[in-house]
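Participant: I'd like to ask some things about the structure below.
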Amino acid sequence: MALVDPPVREPLDLTRARLSTRRRLADRAATAVISLACVVALVPLVAVVGYVVTRGSGIMSWEFLTSDIPRQYRVEGGGMYPAIVGTLLITGLAALMAIPLGVLGAVYLNELSRQNRTARAIRFLADVMTGVPSIVMGLFVYTIWVLRFERQSAFAGALALACLMLPIVIRSTEEMLRLVPDELRQGSVALGSHQWRTITSVVLPTALPGIISGAMLAIARAAGETAPLVFTVGLVYAPSWSVSDSSTALSAQIFRNASQPFAGAQDRAFGAALTLIVLVFAFTALSRLVASRLAVES
Amino acid sequence: MSDPTPASTALAPSPPAAPAVDVLAVQEEPTVFDVQGLSVHYGAFRAVRDVDLQIRRHEITAFIGPSGCGKSTVLRCFNRMNDLIEGARVEGRLRYHGVDLYDPAVQPVEVRRRIGMVFQKPNPFPKSIYDNVAYGPRITGQKGNLDDVVERSLRAAALWDEVKDRLKRSALSLSGGQQQRLCIARAIATDPEVLLMDEPCSALDPIATARIEDLMREIKERYTIIIVTHNMQQAARVSDRTAFFTTEASPHSDTRTGVLVEYDLTDRVFSNPRDERTESYVTGRFG
Numbered sequence: 075m076a077l078v079d080p081p082v083r084e085p086l087d088l089t090r091a092r093l094s095t096r097r098r099l100a101d102r103a104a105t106a107v108i109s110l111a112c113v114v115a116l117v118p119l120v121a122v123v124g125y126v127v128t129r130g131s132g133i134m135s136w137e138f139l140t141s142d143i144p145r146q147y148r149v150e151g152g153g154m155y156p157a158i159v160g161t162l163l164i165t166g167l168a169a170l171m172a173i174p175l176g177v178l179g180a181v182y183l184n185e186l187s188r189q190n191r192t193a194r195a196i197r198f199l200a201d202v203m204t205g206v207p208s209i210v211m212g213l214f215v216y217t218i219w220v221l222r223f224e225r226q227s228a229f230a231g232a233l234a235l236a237c238l239m240l241p242i243v244i245r246s247t248e249e250m251l252r253l254v255p256d257e258l259r260q261g262s263v264a265l266g267s268h269q270w271r272t273i274t275s276v277v278l279p280t281a282l283p284g285i286i287s288g289a290m291l292a293i294a295r296a297a298g299e300t301a302p303l304v305f306t307v308g309l310v311y312a313p314s315w316s317v318s319d320s321s322t323a324l325s326a327q328i329f330r331n332a333s334q335p336f337a338g339a340q341d342r343a344f345g346a347a348l349t350l351i352v353l354v355f356a357f358t359a360l361s362r363l364v365a366s367r368l369a370v371e372s
Numbered sequence: 329m330s331d332p333t334p335a336s337t338a339l340a341p342s343p344p345a346a347p348a349v350d351v352l353a354v355q356e357e358p359t360v361f362d363v364q365g366l367s368v369h370y371g372a373f374r375a376v377r378d379v380d381l382q383i384r385r386h387e388i389t390a391f392i393g394p395s396g397c398g399k400s401t402v403l404r405c406f407n408r409m410n411d412l413i414e415g416a417r418v419e420g421r422l423r424y425h426g427v428d429l430y431d432p433a434v435q436p437v438e439v440r441r442r443i444g445m446v447f448q449k450p451n452p453f454p455k456s457i458y459d460n461v462a463y464g465p466r467i468t469g470q471k472g473n474l475d476d477v478v479e480r481s482l483r484a485a486a487l488w489d490e491v492k493d494r495l496k497r498s499a500l501s502l503s504g505g506q507q508q509r510l511c512i513a514r515a516i517a518t519d520p521e522v523l524l525m526d527e528p529c530s531a532l533d534p535i536a537t538a539r540i541e542d543l544m545r546e547i548k549e550r551y552t553i554i555i556v557t558h559n560m561q562q563a564a565r566v567s568d569r570t571a572f573f574t575t576e577a578s579p580h581s582d583t584r585t586g587v588l589v590e591y592d593l594t595d596r597v598f599s600n601p602r603d604e605r606t607e608s609y610v611t612g613r614f615g
């Protein structure tokens, strides 16, 4: 039973010209719309960064980064050193509390729980907690910690930020652990490895770059938070490295200074904003570098 | 011929080579595993039932049969990998040098240090080649310089010459066949007595398959090997004994349960099977 070859239409034309007018118009239109959407999406991003850099660079200097905060808003000049110290201290402390706890929680959820009822409950609560407004976290810590000890402190602020970071770290780490192929776990177990050794030597190192990205996202989010800090950390004008004393943060200083009618205060607010952006950016770049160093050369 | 495609043309195995002498030699080897009445359930589902067989030392035993016949399930009983599957339950007796592997006092971790496993898909860890091979010795507490162990294992897996200049490179930079030999080296590094291989060549091309098969023949002097394979020519080429499994309808439900049909010297299974189900499988009439 011989099949007849379909006839080849002559001349063979495979160019765009063969497409119908409708198809060509649709193609053009779609390309235009997507390009436009991309440009529009970039506008606020570039505008925000550009505006902060323009307004903030005027006051930016070594002196600004190392001087105390003026006690009166109407004064020109001054610096943000105490706020930089406060942001580093509070965010660092919060990261120290939330990241180990969050990673261990995710290990429980994905590696040990076998997806039982407790695990489902924890996952649900973490999801709910991600959506809780940050000011509620601040209110919570204000009630259970600040009012109880009658003291605003860097630690109280860190506690509020840690509550905020914890669900983010748990969920992002769990997603990363889920991506680790089961074959690797089986390979490790088949070599006579205990489960804990499998987790620490194979599962966590494999997921590490992703875990670091998730932790960075949480840190960046926490470093920019203002609401939970304004009523938990108090206010200082000179740098304080003590966790049990009052502190201040860049985000809180932006809020306080920007809401004043004085030009000097507004300049300081933009200087603080620029400092915060650079700080978060530098930290993200650093952690990317560390993550790439930790990955095996291939 | 090393084409691993299913056995539509599988007639008989390659020429039967000097059986009489070999048979006598292999029959004298002592028993490593003694399996009696082994059944495995996953929850309410019975995957395989009533398996009886003996695995002898320094032999290659092949498990063949159609998909779902329980050959991988049985293989995973030998190093208690079924423990990882929720709801898996093993009945019957599985003795390793007289010790019941499913005795409650037996530590699965100790079992797995003596009985290594190579998986269907090459699964090197995303670490350097060196660290992959050194993983097993390290978890058993060996400290310090493992260069000797790493070199010996890579040589035994016929991979040393290809990787000796790049031991610090990622294992993921290797080709599929190299990765699978690395996994064999990794299993050998803990100095096991038995190697379980679960379709080790199914993800490899014919050339890489041939290399793994050569390797198996070389290392069987030192190890007892059990291999699950879908490829009947492979079983015929490398194994001393073959166990043929198939599925049968369960009497009480519409699921199918795996059973061991025939277990004998490979030459006999392929050239003169006792059971007609074996015959129709090895001649390519079903499966």
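So the protein lines, in turn, are chains A and B.
Quick note, the first sequence lines up with residues 75 to 372 if you use our numbering.
Quick note, the second sequence lines up with residues 329 to 615 if you use our numbering.
The beta carbon of each residue, even a glycine, is placed where N, CA and C say it ideally should be.
1. With a cut-off of 8 Å, does the C-beta of residue 266 of chain A fall near any C-beta of chain B?
2. Figure out for me which residue from B/561, B/554, B/406 has the closest Cα to the Cα of residue 391 of chain B.
3. Output yes if chain B places a C-beta closer than 8 Å to the C-beta of residue 364 of chain A; else output no.
4. Closer than 6 Å by C-beta to residue 169 of chain A: which residues in its own chain qualify, once you throw out the five before and the five after it? Chain order, please.
5. Measuring CB to CB, does residue 295 of chain A end up less than 8 Å from residue 209 of chain A?
6. Going by the CB atoms, is the gap between residue 152 of chain A and residue 330 of chain A shorter than 8 Å?
7. Can you tell me whether residue 79 of chain A is buried or exposed, with buried defined as 16 or more other CB within 10 angstroms of its CB?
8. For residue 456 of chain B, name the three-state secondary structure that DSSP assigns.
9. Using the beta-carbon count (16 or more within 10 Å), is residue 580 of chain B buried or exposed?
10. Comparing C-alpha positions only, which one of A/106, A/236, A/255, A/231 sits nearest to residue 273 of chain A?
11. If contacts are defined as beta-carbon pairs under 8 Å, then residue 386 of chain B and residue 549 of chain B qualify, I think. What distance do you get, rounded to the angstrom?
12. Relative to the alpha-carbon of residue 181 of chain A, which residue among A/354, A/285, A/332 has its alpha-carbon at the smallest distance?
13. Does residue 412 of chain B have its Cβ less than 8 Å from a Cβ in chain E?
14. Near residue 248 of chain A, what residues of its chain come up, given a Cβ to Cβ distance below 7 Å and the 5 sequence neighbours on each side ignored?
15. At which residues does the beta strand (DSSP E) containing residue 383 of chain B begin and terminate?
16. Could you tell me whether the Cβ atoms of residue 166 of chain A and residue 302 of chain A are closer together than 8 Å?
17. Going by Cα to Cα distance, which pick from B/586, B/582, B/566, B/567 is closest to residue 574 of chain B?
18. Quick one, which residues of the region 274-292 of chain A are near chain B if we go by CB-CB under 8 Å, in chain order?
19. Which residues in chain B have a C-beta closer than 8 Å to the C-beta of residue 194 of chain A? List them in chain order.
20. Specify whether the region 531-544 of chain B and the region 502-512 of chain B touch according to this definition: at least 3 beta carbon pairs, one from each stretch, less than 8 Å apart.
21. Going along chain B in order, which residues have a C-beta closer than 9 Å to the C-beta of residue 258 of chain A?
22. Using a Cβ distance threshold of 8 Å, determine whether the region 84-101 of chain A contacts the region 110-126 of chain A, with at least three qualifying pairs required.
23. Can you tell which of A/137, A/261, A/145, A/107 has the C-alpha that lies nearest to the C-alpha of residue 311 of chain A?
24. Enumerate in chain order the residues of its own chain whose CB-to-CB distance from residue 403 of chain B is below 7 Å, with the five nearest sequence positions on each side excluded.
25. Assess contact between the region 441-460 of chain B and the region 404-420 of chain B, defined as three or more Cβ pairs (one per stretch) separated by less than 8 Å. Is contact present?
26. CB residue 143 of chain A to CB residue 327 of chain A, shorter than 8 Å?
27. Run through the region 429-508 of chain B for me and flag every whole alpha helix (DSSP H) of 4 or more residues, listed as ranges in chain order.
28. Per the contact definition of three or more C-beta pairs closer than 8 Å, is the region 307-322 of chain A in contact with the region 228-239 of chain A?
29. Listing by chain order, which chain A residues have their CB less than 8 Å from the CB of residue 287 of chain B?
30. Tell me which residues share the same chain as residue 427 of chain B and place their Cβ nearer than 8 Å to its Cβ, disregarding the 5 neighbours each side in the sequence.
31. From residue 599 of chain B to residue 552 of chain B, what does the alpha carbon distance come to, in whole angstroms?
32. Excluding the 5 residues flanking residue 240 of chain A on each side, which residues of the same chain have their C-beta closer than 6 Å to its C-beta?
33. Helix, strand or coil for residue 532 of chain B, going by three-state DSSP, please let me know.
34. Using the three-state DSSP reduction, which class does residue 275 of chain A fall into: helix, strand or coil?
35. Give me the residue from B/376, B/359, B/538 with the minimum Cα distance to residue 418 of chain B.
36. Mind checking who residue 571 of chain B pairs with in its DSSP beta bridge?
Facilitator: So, from the data block:
1. Sequence index remark: in the first sequence, residue 266 of chain A carries index 192 (1-based). At least one beta carbon of chain B lies nearer than 8 Å to the beta carbon of residue 266 of chain A.
2. By 1-based counting over the second sequence, the position of residue 391 of chain B is 63. The shortest C-alpha separation from residue 391 of chain B is found at B/554.
3. What you label residue 364 of chain A is simply residue 290 of the first sequence in a count that begins at 1. No, residue 364 of chain A does not count as interfacial toward chain B.
4. The residue you call residue 169 of chain A lines up with position 95 of the first sequence. Result list for residue 169 of chain A: 293, in chain order.
5. As a first step, residue 295 of chain A is located in the first sequence; it is residue number 221 there, counting from the start. As a first step, residue 209 of chain A is located in the first sequence; it is residue number 135 there, counting from the start. Going by C-beta atoms, residue 295 of chain A is not nearer than 8 Å to residue 209 of chain A.
6. Taking the first sequence and counting its residues from 1, the one referred to as residue 330 of chain A is at position 256. Taking the first sequence and counting its residues from 1, the one referred to as residue 152 of chain A is at position 78. Not in contact: residue 330 of chain A and residue 152 of chain A (Cβ atoms no closer than 8 Å).
7. In the first sequence, counting from the first residue as 1, residue 79 of chain A sits at position 5. When all chains shown are included, residue 79 of chain A counts as exposed.
8. Stepping through the second sequence from its first residue, residue 456 of chain B is reached at position 128. Here residue 456 of chain B sits in strand by DSSP.
9. Position 252 of the second sequence, counted from the start, is the residue given in the question as residue 580 of chain B. Residue environment for residue 580 of chain B: exposed (fewer than 16 other C-beta atoms within 10 angstroms of its C-beta).
10. In the first sequence, the residue the question calls residue 273 of chain A occupies position 199. The shortest C-alpha separation from residue 273 of chain A is found at A/255.
11. If you number the second sequence from 1, residue 386 of chain B lands on position 58. If you number the second sequence from 1, residue 549 of chain B lands on position 221. Right, their Cβ atoms sit about 7 Å apart.
12. Taking the first residue of the first sequence as 1, we reach residue 181 of chain A at position 107. Answer by Cα proximity: A/285.
13. No chain E appears in the structure shown, which is made up of the protein chains A and B.
14. Translated into positions along the first sequence, residue 248 of chain A becomes position 174. Excluding positions up to five away in sequence, the list reads 180, 183, 184.
15. As a working mapping, residue 383 of chain B is identified with position 55 in the second sequence. Where residue 383 of chain B is concerned, the enclosing beta strand (DSSP E) stretches over 373-384.
16. Along the first sequence, one-based indexing puts residue 166 of chain A at 92. Along the first sequence, one-based indexing puts residue 302 of chain A at 228. No.
17. Counting from one through the second sequence, the residue named residue 574 of chain B turns up at place 246. Nearest C-alpha to residue 574 of chain B: B/586.
18. So the list reads 275, 276, 279, 280, given in the order they occur along the chain.
19. Residue 194 of chain A sits at position 120 when you count from the first residue of the first sequence. Chain B residues near residue 194 of chain A: none, gap ~15 Å exceeds 8 Å.
20. At 8 Å Cβ cutoff, the stretches touch.
21. As a working mapping, residue 258 of chain A is identified with position 184 in the first sequence. The contacting residues are 451, 452, 453, 454.
22. No: the two stretches stay apart, fewer than three of their Cβ pairs being nearer than 8 Å.
23. Stepping through the first sequence from its first residue, residue 311 of chain A is reached at position 237. Looking at the Cα atoms, A/145 is the closest of the given residues.
24. Counting from one through the second sequence, the residue named residue 403 of chain B turns up at place 75. Within the same chain, residue 403 of chain B has close Cβ partners 391, 524, 526, 554, 556.
25. As far as the Cβ criterion goes, the region 441-460 of chain B touches the region 404-420 of chain B, which means the pair count is three or higher.
26. Walking along the first sequence from the start, residue 143 of chain A turns up at place 69. Walking along the first sequence from the start, residue 327 of chain A turns up at place 253. Against a cut-off of 8 Å, the Cβ pair of residue 327 of chain A and residue 143 of chain A comes out as a contact.
27. As far as the region 429-508 of chain B is concerned, its whole alpha helix (DSSP H) runs of at least 4 residues are 436-442, 457-467, 475-484, 488-491.
28. Contact holds: three or more Cβ-Cβ distances are below 8 Å.
29. The question about residue 287 of chain B has no answer, for chain B in this structure spans 329 to 615.
30. As a first step, residue 427 of chain B must be located in the second sequence, where it is residue number 99. If the five residues before and after residue 427 of chain B are omitted, its C-beta is found closer than 8 Å to the C-beta atoms of 434, all from its own chain and listed in chain order.
31. Taking the first residue of the second sequence as position 1, residue 599 of chain B is located at position 271. Taking the first residue of the second sequence as position 1, residue 552 of chain B is located at position 224. The alpha-carbon atoms of residue 599 of chain B and residue 552 of chain B are separated by roughly 24 Å.
32. Here residue 240 of chain A refers to the residue found at position 166 of the first sequence. For residue 240 of chain A, where only same-chain residues beyond five positions count, the Cβ hits under 6 Å are 172, 176.
33. As a first step, residue 532 of chain B is located in the second sequence; it is residue number 204 there, counting from the start. Coil at residue 532 of chain B, not helix or strand.
34. Walking along the first sequence from the start, residue 275 of chain A turns up at place 201. The answer is helix: DSSP assigns residue 275 of chain A an H, G or I state.
35. Position 90 of the second sequence, counted from the first residue, corresponds to residue 418 of chain B. Residue B/376 is the option with its Cα nearest to residue 418 of chain B.
36. Locating residue 571 of chain B in the second sequence gives position 243, counting from the first residue. Beta-bridge partners assigned by DSSP to residue 571 of chain B: B/391, B/591.
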